[in-house]
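Structure first, then comments.
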Amino acid sequence: MTRRRIAIVGGGPAGLMAADVLSADVLSADGSLQVDVYDAMPSVGRKFLMAGKGGMNITHSEPLADFVGRYGARAGVVAPWLSVFGPTALRDWIHGLGIDTFIGTSGRVFPTEMKAAPLLRAWLHRLRGQGVHIHVRHRWLGWHDGQLRFATPAGELAVAADAVLLALGGGSWAKLGSDGTWVPVLRDAGIPVETLKPANCGFDVDWSPHFRERHAGQAVKPVVATAGEQTRQGEFNITGSGLEGGLIYALAADLRDALARDGRALLHLDLAPGRTRDRLATDLARPRGRDSLANHLRRRAGIEGVKAALLRELCTPETLASASALAAAIKNLPLPVTATRPLDEAISSAGGVSFAALDADLMLREMPGVFCAGEMLDWEAPTGGYLLTACFASGQVAARGMLGWLQRRD
44 MTRRRIAIVG
54 GGPAGLMAAD
64 VLSADVLSAD
74 GSLQVDVYDA
84 MPSVGRKFLM
94 AGKGGMNITH
104 SEPLADFVGR
114 YGARAGVVAP
124 WLSVFGPTAL
134 RDWIHGLGID
144 TFIGTSGRVF
154 PTEMKAAPLL
164 RAWLHRLRGQ
174 GVHIHVRHRW
184 LGWHDGQLRF
194 ATPAGELAVA
204 ADAVLLALGG
214 GSWAKLGSDG
224 TWVPVLRDAG
234 IPVETLKPAN
244 CGFDVDWSPH
254 FRERHAGQAV
264 KPVVATAGEQ
274 TRQGEFNITG
284 SGLEGGLIYA
294 LAADLRDALA
304 RDGRALLHLD
314 LAPGRTRDRL
324 ATDLARPRGR
334 DSLANHLRRR
344 AGIEGVKAAL
354 LRELCTPETL
364 ASASALAAAI
374 KNLPLPVTAT
384 RPLDEAISSA
394 GGVSFAALDA
404 DLMLREMPGV
414 FCAGEMLDWE
424 APTGGYLLTA
434 CFASGQVAAR
444 GMLGWLQRRD
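Take 44 as the starting number for the sequence shown in our numbering and just add one per residue.
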């Protein structure tokens with residue numbers, strides 16, 4: 044019997060999911076397939092654990108058509124992955140590990156314990172029981188004479204494999220292992236890789252010193268924000284350098300792309316979602332008497348605190364003095380952002396291995412037997428469970444592709 048060896052480089056959600064599929068296959072059960080996972084960090088799943096630190100949002104319960112639409116320009120690429128392993132299949136898989144899930148009021152899906160650690164522990168226990176070998180502190184360096192090169196504490200190691208999956212993550216959170224150092228390695232091998240860019244990131248704003256000192260750390264809510272063709276309601280936080288938070292992350296791709304295209308980007312804010320412009324204009328036109336502008340805004344428009352400060356920060360004195368102009372600003376306040384925050388601060392990254400370089404099984408066309416999966420591919424998704432779901436799904440697709448490729452070679 045010929046023993047085949049599969050090397051999975053990267054121990055995040057995509058790589059571990061591929062290892063799960065491969066090690067559960069009949070080829071592994073009969074001893075003809077060995078699965079090895081290599082990771083540069085001292086333990087696997089570090090970014091996965093960090094993603095679950097504030098509550099493990101694993102996926103979303105919305106209709107699949109809406110779910111697929113969250114992937115924007117890459118929806119057509121990601122949709123086939125989700126037909127193989129979508130949100131429902133992911134929940135069933137989690138239940139199979141003995142972890143219950145529930146749907147929150149927002150439609151997001153969480154493990155009952157709200158943490159990633161119990162899920163990862165159960166998962167690694169199953170992988171080891173299925174014969175998966177996990178090698179930590181093995182940093183991938185590329186290839187030499189067809190073998191994988193790893194830097195290890197004991198020196199450089201060469202590994203021969205019959206099939207390889209690269210699941211090396213994107214370029215954010217370098218301290219957790221997603222450092223993008225694989226980009227020049229693949230480019231040197233002739234693989235097209237799109238430049239890694241921040242996704243689900245914060246943005247810089249040129250706040251005045253007074254505004255920054257008084258309002259950094261405060262939340263702006265509820266608010267409706269628009270960037271490009273996207274409009275969302277939610278909340279965000281003022282930071283010393285600019286803006287961050289869920290609402291900003293949802294619009295990050297549009298803001299980032301506008302900055303790259305035009306050198307400038309505007310976030311339009313509706314600070315009073317429950318009131319019309321006409322009502323605001325009428326209410327603000329009432330005599331102020333001895334009221335300050337702050338009291339007038341609070342009493343007549345329900346605007347106070349950081350929202351009132353944003354109006355003072357971004358509006359001219361003439362606008363603040365006119366009821367109609369002030370009402371217009373409350374409903375459509377342009378907030379200029381100047382830059383994305385650095386890639387390493389982003390929750391995730393866009394860019395990566397070009398899909399033109401891959402076939403439908405996620406195998407590199409120019410390197411038969413080498414597959415790619417996860418965040419290192421050229422796609423992005425907002426927070427809300429979409430990023431994790433597609434990472435898991437891509438690992439499933441790549442693993443099935445590897446099995447098919449190995450069987451065709453027999």
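Cβ atoms here follow ideal geometry from the backbone N, Cα and C, with glycine treated the same way.
What whole-angstrom Cβ distance do residue i and residue j have, given they're in contact under 8 Å?
i: N100; j: R164; result: So it is not a contact: roughly 19 Å between Cβ atoms.
i: G412; j: G438; result: So it is not a contact: roughly 17 Å between Cβ atoms.
i: A160; j: L92; result: 6 Å
i: L340; j: A324; result: Incorrect: roughly 13 Å between the Cβ atoms, too far for contact.
i: A204; j: A393; result: That pair is no contact at about 29 Å.
i: V179; j: M84; result: 6 Å
i: V267; j: T274; result: 6 Å
i: L431; j: A217; result: L431 to A217, Cβ: 19 Å. No contact.
i: I234; j: L378; result: With a Cβ gap of about 39 Å, I234 and L378 do not count as contacting.
i: T102; j: L140; result: No, T102 and L140 are not in contact; Cβ-Cβ is about 14 Å, not under 8 Å.
i: Y114; j: A366; result: That belief does not hold up - the Cβ atoms of Y114 and A366 are roughly 43 Å apart, past 8 Å.
i: V175; j: S251; result: That belief does not hold up - the Cβ atoms of V175 and S251 are roughly 55 Å apart, past 8 Å.
i: G395; j: G213; result: 6 Å
i: A308; j: K374; result: No, A308 and K374 are not in contact; Cβ-Cβ is about 20 Å, not under 8 Å.
Taking its Cβ as the centre, do 16 or more other Cβ atoms sit within 10 Å of residue i, making it buried, or is it exposed?
i: L107; result: exposed
i: E256; result: exposed
i: R47; result: buried
i: Q450; result: exposed
i: Q77; result: buried
i: D82; result: buried
i: E409; result: exposed
i: V127; result: exposed
i: A303; result: exposed
i: R299; result: buried
i: E199; result: exposed
i: A399; result: exposed
Are the Cβ atoms of residue i and residue j separated by less than 7 Å?
i: T224; j: A259; result: no
i: L310; j: V207; result: no
i: N280; j: A295; result: no
i: K90; j: S221; result: yes
i: T383; j: F246; result: yes
i: S391; j: S215; result: yes
i: C415; j: L239; result: no
i: V121; j: A442; result: no
i: G444; j: L405; result: yes
i: V80; j: G55; result: no
i: T155; j: F145; result: yes
i: A50; j: L170; result: no
i: L162; j: I177; result: no
i: T372; j: T359; result: The question names Thr, yet the displayed sequence has Ala at residue 372. Cβ distance not < 7 Å, so A372 and T359 don't count as in contact.
i: M419; j: L211; result: yes
i: W166; j: V440; result: no
i: G271; j: D305; result: no
According to DSSP, which residues form a beta bridge with residue i?
i: L125; result: BP columns for L125 are empty, so no partner.
i: E287; result: N280
i: D247; result: G285 and A382
i: F110; result: DSSP lists no partner for F110.
i: W216; result: Note: W216 sits in no beta bridge, so no partner.
i: G88; result: Looking at the DSSP assignment, G88 forms no beta bridge with any residue, so it has no partner.
i: L208; result: I51 and F414
i: F254; result: Looking at the DSSP assignment, F254 forms no beta bridge with any residue, so it has no partner.
i: K96; result: According to DSSP, which records beta bridges pairwise, K96 is partnered with nothing at all.
i: S392; result: P241
i: W186; result: L191
i: R151; result: H103
i: F145; result: F153
i: G172; result: G172 is not bridged to any residue.
Taking the straight line between their C-alpha atoms, what separation do you get for residue i and residue j?
i: R117; j: A424; result: 9 Å
i: H187; j: A201; result: 8 Å
i: R342; j: D313; result: 18 Å
i: A194; j: R182; result: 5 Å
i: E347; j: V236; result: 47 Å
i: G185; j: H138; result: 37 Å
i: G74; j: D68; result: 10 Å
i: L219; j: D421; result: 20 Å
i: E356; j: A344; result: 18 Å
i: R333; j: A368; result: 21 Å
i: A301; j: A328; result: 36 Å
i: A62; j: F435; result: 11 Å
i: L336; j: A370; result: 13 Å
i: W136; j: V248; result: 43 Å
i: E388; j: C244; result: 7 Å
i: G317; j: F153; result: 30 Å
i: G289; j: T269; result: 13 Å
i: A364; j: L354; result: 12 Å
i: G112; j: G277; result: 19 Å
Less than 7 Å between CB atoms is the rule here; does residue i satisfy it with respect to chain B?
i: G427; result: In the structure shown, chain B cannot be found, because there is only a single protein chain.
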